Amino acid sequence: MTQTLTKPLAGDERVGTRNPLQKLLGRPEVGALVGAIVLFVFFAIVSQTFIQPNAFATVLYGSSTIGIMAVGVSLLMIGGEFDLSTGVAVISSALTASLFSWYFTTNVWVGVLLALAVSLTIGFINGWILIKTKLPSFIVTLASFLMLTGLNLGLTRLIGGSVSSPSISTMDGFKSAQAVFASSVNIGGVEVKNTVFTWIILVAVASWVLLRTKVGNWIFAAGGDANAARAVGVPVTKTKIGLFMAVGFCGWILGMHNLFAFDAVQSGEGVGNEFLYIIAAVIGGCLLTGGYGSAVGGAIGAFIFGMANKGIVYAQWNPDWFKFFLGLMLLLATIVNLIVKRRAELK
Amino acid sequence: MNAKQIDQQTLLKDEKDPLTHTPVHLLSLDNVGKHYGNIVALTDVTMAVDNGRVTCVLGDNGAGKSTLIKIIAGLHQHDAGVFKILGEERKLNSPREALDSGIATVYQDLAVVPLMPIWRNFFLGSEITVGWGPFKRMDVQTMKDITKKELADMGIDLRDVEQPIGQLSGGERQCVAIARAVHFGAKVLILDEPTAALGVKQSGVVLRYILQARDRGLGVVFITHNPHHAFPVGDRFLLLKRGKSIGYYEKKGITIEELTAQMAGGAELAELAHELEELGGHGDVVKEVQAEVAGTSGHLPA
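What follows is the structure in structure tokens.
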């Protein structure tokens with residue numbers, strides 16, 4: 035109908051040869067990747083032990099305990115929301131499994147499955163209240179953070195009579211659950227915790243969902259412009275609630291690891307960890323305003339965190355400096371992300 | 011419910027005069043009205059939409075244009091008069107129901123998610139998938155190809171479907187939204203002030219795509235407050251003022267001067283400019299108003 039029809043559809047000359055470096059610089063996680071490489075080289079120079087396989091396995095383990103949660107939190111942030119209750123929700127999950135199976139002397143797997151249900155329910159309630167009240171997620175999840183903190187302490191004392199949950203190491207199913215959630219794999223003489231593999235699998239699945247499924251498309255849209263998404267028929271409500279439940283699922287995995295790595299959980303733990311997960315996601319290139327980011331970015335953010343955390347110890351510095359470093363890293367990463375976003379929106 | 015689908019065959023785009031040939035209109039409104047509580051938003055509106063024809067709805071702010079499209083788009087329900095789709099009386103309960111009946115609405119600001127690539131925006135909410143169960147995934151290449159082709163068919167010459175849609179100009183974004191509606195089987199296209207936020211050149215681009223959509227056999231409802239945009243593309247003109255229809259014309263029954271004069275604005279603006287001048291108002295403001303009068307009516311006030 036128009037002359038433009040006759041134009042060749044592929045190989046437009048105006049696309050130009052965008053060189054691979056430029057293409058790479060347009061990715062959300064590039065800032066974090068550069069930071070990670072710099073940090074790695076830095077610690078490799080200042081500390082002899084840092085690059086030894088055993089030490090590196092420890093770094094990876096440290097990264098994975100943040101990274102598992104960062105997967106869910108990154109997706110949630112791309113979907114335009116964030117969750118302050120994640121740190122204590124991890125402990126709630128662990129306490130549920132522990133206290134339930136101890137109190138009713140069931141197989142610990144019963145407690146583990148109940149904990150999964152509880153974690154998903156916490157996520158669902160967070161999402162549902164958010165959608166129903168249209169309050170910002172900051173308020174909703176701050177409220178659930180406080181409530182869960184109180185419930186963790188109160189219920190643990192009420193049921194177990196102490197600030198920590200009773201030991202469940204002798205109960206049925208403990209060994210098999212420990213093998214699933216908190217064991218190590220020997221690779222070439224190096225003990226690597228299995229959480230590292232769980233983390234990698236979660237990142238891979240999340241990346242695939244985000245980039246190659248329609249749910250991923252909906253997540254980007256829900257975070258980018260919820261009204262526009264709704265107008266073209268994207269189930270924004272379901273997507274957001276689903277994301278909160280995905281965070282709950284990640285919290286369950288980490289909670290079970292915390293429980294079975296030892297045999298008891300301190301009920302007051304977890305406070306403050308929610309920020310580490312958010313920091314990992316933000317360093318990794320997820321925008322606080324939503325609609326932009328990647329699961330791999332969150333993983334790199336967690337890896338930076340793990341390197342800094344353990345690297346300072348290996349370099350035999352005072353760990354007091356760690357928080358300062360973390361804050362600086364966050365600020366730099368956010369500025370880089372801001373520039374990237376501005377460029378993406380540039381006409 | 012058995013929603014009657016709007017059929018492309020209702021009217022062929024090459025037919026010369028649908029106003030007499032078509033047995034039923036694609037959409038028809040007969041004395042439709044709507045009130046919110048005790049506020050009357052719309053009364054006695056009569057209009058029709060046909061395949062391959064553009065129906066323009068003109069009116070100033072608060073004239074009831076939004077209420078009218080909300081009724082057609084399924085966001086609100088009318089409470090007086092008769093709304094027919096293909097001769098069948100309907101009340102649309104949701105935007106989804108309107109979409110299923112072939113009525114697609116392109117909102118001025120609600121069209122796209124700026125940070126997402128063009129092809130993802132194009133298929134947002136209607137993604138093509140391959141595979142089964144948990145391995146169901148998007149057919150990315152097919153979607154990119156279709157996006158490129160559909161936009162080319164609309165005459166939108168695109169560089170790269172992978173770029174964020176926020177990088178396109180306002181007019182191009184509108185056009186992507188129009189092409190998307192056409193691709194997903196829209197038979198009636200409602201355009202809510204597509205040119206309001208655009209410059210002269212960009213408006214021209216959008217107007218061309220309105221004609222493209224018309225030539226592909228769609229019935230177009232073009233909402234605007236600018237008679238100079240409406241007149242060149244429109245076949246029918248509905249003028250609204252304060253929630254009432256103040257005129258419903260076919261193109262041969264009206265000239266652009268009459269249309270402008272009928273619109274709220276032309277005469278009143280001239281009066282305002284005069285008044286400001288008399289009051290010794292700020293020169294710039296007077297000039298601005300005069301320029302606007304010139305813009306809407308084509309000549310400066312005396």
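Quick note, the sequences are listed as chains A and B, same order.
Count along the first sequence from 1, add 34, and you get the number used in this note's numbering.
Count along the second sequence from 1, add 10, and you get the number used in this note's numbering.
Virtual Cβ for every residue (Gly too), placed ideally from N, Cα, C.
Remember, predicted model here, so these are calculated numbers, not experimental data.
Check	Outcome
Rounded C-alpha distance that separates Val219 (chain A) from Ile334 (chain A)	22 Å
Own chain residues within Cβ distance below 6 Å of Glu172 (chain B), not counting five before or after	Pro127
Contacting residues, own chain, Cβ-Cβ under 6 Å from Asn307 (chain A) (five flanking each side not counted)	Gly121
Cβ-Cβ distance between Ser108 (chain A) and Gly318 (chain A) below 8 Å	yes
Exposure label - Pro204 (chain B); buried when at least 16 CB within 10 Å	buried
Phe358 (chain A) vs Ile346 (chain A) beta-carbon contact at 8 Å	no
Proximity below 8 Å, CB of Val67 (chain B) to CB of Lys75 (chain B)	yes
Burial state of Phe138 (chain A) (16 or more Cβ within 10 Å)	exposed
Per DSSP, the bridge partner or partners of Tyr46 (chain B)	B:Ile49
Within chain B, partners of Lys248 (chain A) - CB distance below 7 Å	Glu137, Thr139 and Met148
The stretch 257-272 of chain A: positions lying closer than 7 Å to chain B by Cβ	Gly258, Asp259, Asn261, Ala262, Ala263, Ala265, Val266, Gly267 and Val268
Pair within 8 Å by beta-carbon distance, Ile202 (chain A) and Asp297 (chain A)	yes
Proximal chain B residues relative to Asn251 (chain A), where beta-carbon distance stays under 9 Å	Met126, Arg130, Phe133, Leu134, Gly135, Glu137 and Met148
Run of the beta strand (DSSP E) containing Tyr259 (chain B), from where it starts to where it stops	Lys254 to Glu260
C-alpha gap between Gly222 (chain A) and Phe84 (chain A), whole angstroms	18 Å
Minimum Cβ-Cβ distance from Val92 (chain B) to chain A less than 8 Å	no
Those runs of the alpha helix (DSSP H) which lie wholly inside the stretch 275-337 of chain A and span at least 4 residues	307-317
Contact residues within the stretch 334-364 of chain A, judged by C-beta distance below 9 Å to chain B	none
Where the beta strand (DSSP E) containing Ala114 (chain B) begins and where it ends	Ile113 to Val116
Terminal residues of the beta strand (DSSP E) in which Glu63 (chain A) lies	That residue, Glu63 (chain A), is in no beta strand (DSSP E); it is neither H nor E in DSSP.
Beta-carbon separation (whole angstroms), Ala280 (chain B) vs Ala191 (chain B), contact threshold 8 Å	With a Cβ gap of about 38 Å, Ala280 (chain B) and Ala191 (chain B) do not count as contacting.
For Gln212 (chain B) and Lys165 (chain B), the rounded distance between their alpha carbons	Note that residue 165 (chain B) is Gly in the sequence shown here, rather than Lys. Going by the C-alpha atoms only, they are around 14 Å apart.
Exposed unless 16 or more other CB atoms sit within 10 angstroms - verdict on Leu372 (chain A)	exposed
The stretch 98-116 of chain A contacting the stretch 245-258 of chain A, beta-carbon criterion three pairs below 8 Å	yes
Contact with chain B by Phe254 (chain A), beta-carbon distance below 8 Å	yes
Proximity test, Cβ basis, 8 Å: Gly325 (chain A) and chain B	yes
Closer than 7 Å: Ser111 (chain B) CB and nearest the ligand SAH heavy atom	Although the ligand SAH was asked about, the structure shown includes no ligands whatsoever.
Length-filtered (4 minimum) alpha helix (DSSP H) runs lying within the stretch 193-279 of chain A	208-215, 228-246, 248-258 and 260-265
Alpha-carbon to alpha-carbon, Asp202 (chain B) and Gln118 (chain B)	6 Å
Burial state of Val210 (chain B), where buried means 16 or more other Cβ atoms lie within 10 Å	exposed
CB contact check: Leu109 (chain B) to chain A, cutoff 8 Å	yes
Presumed contact (8 Å Cβ cut-off) between Thr130 (chain A) and Val305 (chain A), rounded CB distance	With a Cβ gap of about 18 Å, Thr130 (chain A) and Val305 (chain A) do not count as contacting.
For Met153 (chain B), the three-state DSSP class (helix, strand or coil)	helix
Uninterrupted beta strand (DSSP E) stretches inside the stretch 184-232 of chain B (no shorter than 3 residues)	198-202
Nearest to Val59 (chain B) (by Cα), restricted to the options B:Leu269, B:Val186 and B:Gly229	B:Gly229
Chain A within 8 Å of Val186 (chain B), Cβ atoms only	no
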